[in-house]
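J.: Taken in sequence, the protein lines are chains A and B.
If you read the first sequence in the numbering used here, its first letter stands for residue 3, the second for the next number, and so on.
If you read the second sequence in the numbering used here, its first letter stands for residue 2, the second for the next number, and so on.
Here a beta-carbon is modelled for each residue, glycine too, at the ideal position from N, C-alpha and C.
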Amino acid sequence: MISTQNENIKSSIQSPQPLIRMKGVKKSFGSNHVLRGMNVELYPRENVVILGKSGSGKSVLIKCLVGLVEIDEGIVEVLGKSIPDMQQEELDAIRTEVGFLFQGSALYDSMTVRENLQFPLRRHAERMKGQDENTLIIEALKNVGLEYAIDLMPAELSGGMKRRIALARTLILQPKIILYDEPTSGLDPITANEIIQLILKIQREFDTAALIITHDMDCARVISNRMIILQDGINYAEGTYEELSHIQDPKVKAFFKEVQSR
Amino acid sequence: MIALPKGLQSYLNETGNIAAFAIRFFRQAFKKPFEFKELLRQCYLIGYKSLFLVIATGFIMGLVLTLQVRPTMIEFGAVSYMPQMVGIAIVREIGPVVTALICAGKIGSGIGAELGSMKVTEQIDAMEVSGTNPFKYLVVTRIWACTLMLPLLIIAADAIGLFGSFLIETTKGNVSLTLYFNQVFDALSFGDLLPATFKSFFFGFAIGLVGCYKGYTSGKGTEGVGRAANTAVVVASLLLFVLDFLAVLVADIIYEI
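1. So residue 230 of chain B contacts chain A; which residues on that side make the cut at Cβ distance below 7 Å?
2. Count the other CB atoms, across all protein chains shown, that sit within 10 Å of the CB of residue 14 of chain A; report buried if there are 16 or more and exposed otherwise.
3. Does the distance from the C-beta atom of residue 187 of chain A to that of residue 105 of chain A stay below 7 Å?
4. Under a three-way DSSP split, which group does residue 216 of chain A fall into?
5. So, at 8 Å on beta carbons, what are the nonlocal neighbours of residue 145 of chain B in its own chain, with the 5 sequence-adjacent residues on each side left out?
6. Would you give the residue range spanned by the alpha helix (DSSP H) that residue 227 of chain B belongs to?
7. The alpha helix (DSSP H) spanning residue 97 of chain A covers which residue range?
8. According to DSSP, is residue 78 of chain A part of a helix, a strand, or is it coil?
9. Applying a beta-carbon distance threshold of less than 9 Å, which residues of chain B neighbour residue 121 of chain A?
10. Would you report the Cα separation of residue 153 of chain B and residue 222 of chain B, rounded to the nearest angstrom?
11. What are the residues that DSSP puts in a beta bridge with residue 195 of chain A?
12. Look at the alpha carbon of residue 258 of chain A and the alpha carbon of residue 220 of chain B, and state the distance between them as a whole number of angstroms.
13. Which residue from B:138, B:123, B:96 and B:133 puts its Cα closest to that of residue 165 of chain B?
14. Closer than 8 Å by C-beta to residue 39 of chain A: which residues in its own chain qualify, once you throw out the five before and the five after it? Chain order, please.
15. Beta carbon of residue 112 of chain B, beta carbon of residue 213 of chain B: below 7 Å?
16. Just reading off the alpha helix (DSSP H) that residue 228 of chain A is part of, what are its end residues?
17. What does DSSP give as the partner residue(s) for residue 53 of chain A in the beta ladder?
18. Take residue 180 of chain B as the anchor and find which of B:204, B:50, B:163 and B:255 has the nearest alpha-carbon.
19. Using a Cβ-Cβ cut-off of 7 Å, state whether residue 108 of chain A counts as contacting chain B.
20. How big is the Cα-Cα spacing for residue 87 of chain A and residue 72 of chain A?
21. Grouping DSSP H, G and I as helix and E and B as strand, with all else coil, what is residue 34 of chain A?
22. If you measure from the beta carbon of residue 43 of chain B to each beta carbon in chain A, is any gap under 7 Å?
23. Quick one: any contact between the region 184-204 of chain B and the region 237-257 of chain B, if contact means 3 or more CB pairs under 8 Å?
24. Pairing CB atoms from the region 172-192 of chain B with CB atoms from the region 129-142 of chain B, are three or more of them under 8 Å?
25. From the DSSP output, in three-state form, read off residue 21 of chain B for me.
26. Could you give the residue range of the alpha helix (DSSP H) that holds residue 78 of chain B?
27. Buried or exposed for residue 217 of chain A, please, with buried defined as at least 16 other CB atoms from any protein chain shown within 10 angstroms of its CB.
28. Go through its chain and collect everything with a Cβ distance to residue 90 of chain B's Cβ below 7 Å, but skip five positions before and after it.
29. Given that a residue counts as buried once 16 or more other Cβ atoms are within 10 Å of its Cβ, and exposed if not, what is residue 257 of chain B?
30. Just reading off the alpha helix (DSSP H) that residue 186 of chain B is part of, what are its end residues?
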């Protein structure tokens, strides 16, 4: 692995206890070895971007973090707890601390926007801390600038609006970590930029840490504190955008050239 | 070791997977927390929203059956037995099977397509990462709703089918409503009603189980959703005939004892 990390940046962002720790993670689907020993650490208030080509296993990687995909080998710890060793109840509890923004937004299409936000709240009433449900929903929608869409159905929303509502649904349980799966894919540049700014705003206001999966270099450049290039199932290179963009390694150079040319 | 033909292998695999899905249902169906609100919503969608279709088909079934059978009954001089004959035929066999087939088409494909599309658009994953058990919320409630609603739909279809039959009888033979239904109920015993009602619960369970299984395990993409909806109807319909045969066989053995 090529590591270019500047120690000053590292110490200013990182604390000794990572929120997420993946070590030597391997995952295969039949003869397709997707992850071959992946290592990732995410620290509080940090934005780590994982870059990789389509089909490189980026989505599998973040699904391993919430137990949606079972790993074959390695360590996956979230908030100090081992995900593969958890019972269902423990896993459900830890999942409330981890928000997940899906690539296609994954709004429940038989429910209104209000009901989409109500759904996680009602299931985890203990996290409302005595606050009024309606106030929390409106607050979450205000954070993404869509309070007027409260009674609309997902089918009535544009792609960018759906992504923002999904983000509001993710935020409503006030997670410590947010996982973004291709947050800007399929969006026009203006809407993509709005989503990027929203992600930064959320991090500032809620002090969350984020792991962002993308192949959008502009998104990666603006959002990331640190970037990991996922290639051949391992974290091939790691560092800040500036550092990685100046690496002379032919694979990294080729990767940057290919992604930027899109 | 003898290698089984590929078609047989996949048939056995599918049967095993459906059985495992059913076991998973029974493991979770009686475990807290219960999703009563979603169960009620599904009962409304599956029961109430299918009522018109079931009533319409039941009514036509009664009309057609009477029109078709009446000439033969006249030929044998047994036209006065029409209410008894139609009553037994509808309550014992035609009502439950036809209604269940209609429901397999409407409800089974609907569940298959809905869950399949939820799977493809990652809504099921989203539910899971929000700390909700999607199997319990989506599958258990739908199977329960089908199991509980189908007997009620079948009773409605039977009743309206008998009424349809009465309309033909009264038009052609001048029979009063009281006389017609008295004759129907005189001909029916608990031995007719009980197995028919009992098997309708199984029919509902089979429709719900197959629809949920096909949707919940559907492949990726729109093709997967289409296939889930389609195979849900085919497999459920086939399973209904197998269950019907078994129910008739068991009832027959019980009668003999």
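T.: The relevant details are as follows:
1. Per Cβ cutoff of 7 Å: no residues; residue 230 of chain B is ~16 Å from chain A at best.
2. Only weak support exists for where residue 14 of chain A lies, its pLDDT of 46 falling under 50; the coordinates are left without a value.
3. Yes.
4. Of the three classes helix, strand and coil, the one that applies to residue 216 of chain A here is strand, per DSSP.
5. Taken in chain order, the residues that qualify are 30, 40, 43 and 209.
6. Note, residue 227 of chain B: alpha helix (DSSP H), 222-257.
7. Counting along the chain, the alpha helix (DSSP H) containing residue 97 of chain A begins and ends at 90-97.
8. The answer is strand: DSSP assigns residue 78 of chain A an E or B state.
9. Per Cβ cutoff of 9 Å: 128, 131 and 133.
10. In a straight line, the C-alpha of residue 153 of chain B is about 36 Å away from that of residue 222 of chain B.
11. Checking the DSSP bridge columns, you'll see residue 195 of chain A has no partner listed.
12. Distance between residue 258 of chain A and residue 220 of chain B, taken at the CA atoms: about 34 Å.
13. Taking only the C-alpha atoms, the option nearest residue 165 of chain B is B:96.
14. Same-chain partners within the cutoff: 26, 27, 28, 76, 235 and 236.
15. If you check the CB distance, residue 112 of chain B and residue 213 of chain B come in under 7 Å.
16. Looking at the DSSP string, residue 228 of chain A is not in any alpha helix (DSSP H); the run it does join, the beta strand (DSSP E), is 228-233.
17. For residue 53 of chain A, which the question treats as bridged, DSSP gives the partners A:216 and A:231.
18. Residue 180 of chain B has its Cα closest to that of B:163, out of B:204, B:50, B:163 and B:255.
19. It does: the Cβ of residue 108 of chain A has a partner Cβ on chain B nearer than 7 Å.
20. Our two residues, residue 87 of chain A and residue 72 of chain A, have alpha carbons roughly 11 Å apart in a direct line.
21. DSSP places residue 34 of chain A in the strand class (E or B) of the three-state scheme.
22. The beta carbon of residue 43 of chain B does not come within 7 Å of any beta carbon belonging to chain A, so the residue lies off that interface.
23. These segments touch.
24. No: fewer than three Cβ pairs fall under 8 Å.
25. Helix.
26. Counting along the chain, residue 78 of chain B falls outside any alpha helix (DSSP H), and DSSP gives it neither H nor E.
27. Residue 217 of chain A is buried by the Cβ-count criterion.
28. Cβ within range, chain order: 66.
29. Per the 10 Å Cβ criterion, exposed.
30. For residue 186 of chain B, the uninterrupted alpha helix (DSSP H) run begins and ends at 178-188, by DSSP.
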